[in-house]
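*Asks:* All letters in the sequence shown, in the order written, are residues 820 to 906 by this note's numbering.
Heads up, the beta-carbon is just placed ideally off N, CA and C, and yes, glycines get one too.
These numbers come from a predicted model, not from an experiment.
Sending over a structure as structure tokens; questions will come in a sec.
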Amino acid sequence: PARKVAAAPAATKAASAPDALAKVIESLKRMGEKRPGKRKGLERHIESHLGRNLAPGQLQALMEELEREDVLEIRDNKVEYRPKAKK
Numbered sequence: 820p821a822r823k824v825a826a827a828p829a830a831t832k833a834a835s836a837p838d839a840l841a842k843v844i845e846s847l848k849r850m851g852e853k854r855p856g857k858r859k860g861l862e863r864h865i866e867s868h869l870g871r872n873l874a875p876g877q878l879q880a881l882m883e884e885l886e887r888e889d890v891l892e893i894r895d896n897k898v899e900y901r902p903k904a905k906k
């Protein structure tokens, strides 16, 4: 008999929010002064680290969470990093 392979739940395809946030913060710290300076570059950086299979709205939610966590601030499409992202 043929075995049925269960489809992976959507949660395993896209990183969970706390894990994704921690992964993004860590990657930004490792980049040092070469971090993206503009919003679009930051979005591409996040997509490249988490994969292009982000759930709808997850990229925007991560960007908002980075601002809430005081990791960065986005003004006029320019990214200003806070000390939390530099440690």
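Distance check for Tyr900 and Lys853, CA to CA, integer angstroms please.
*Replies:* Distance between the alpha carbons of Lys853 and Tyr900: 12 Å.
*Asks:* Leaving out the 5 sequence neighbours to the left and right, which residues in its chain are closer than 6 Å to Ala827 when beta-carbon positions are compared?
*Replies:* Confidence is the limiting factor: at Ala827 the pLDDT is only 42, short of 50, which leaves the residue's position unreliable, though a coordinate-based value still follows. Here the set comprises nothing.
*Asks:* DSSP three-state label for Val898, please.
*Replies:* Looking at Val898 - three-state DSSP - the assignment turns out to be strand.
*Asks:* His868 to Lys842, Cα distance in whole Å?
*Replies:* Approximately 8 Å, taken between the alpha carbons.
*Asks:* Alpha carbon to alpha carbon, how far is Asn896 from Ala833? Give it in angstroms, no decimals.
*Replies:* Since pLDDT at Ala833 reaches only 46, below the 50 mark, its modelled position is unreliable, and no value is offered.
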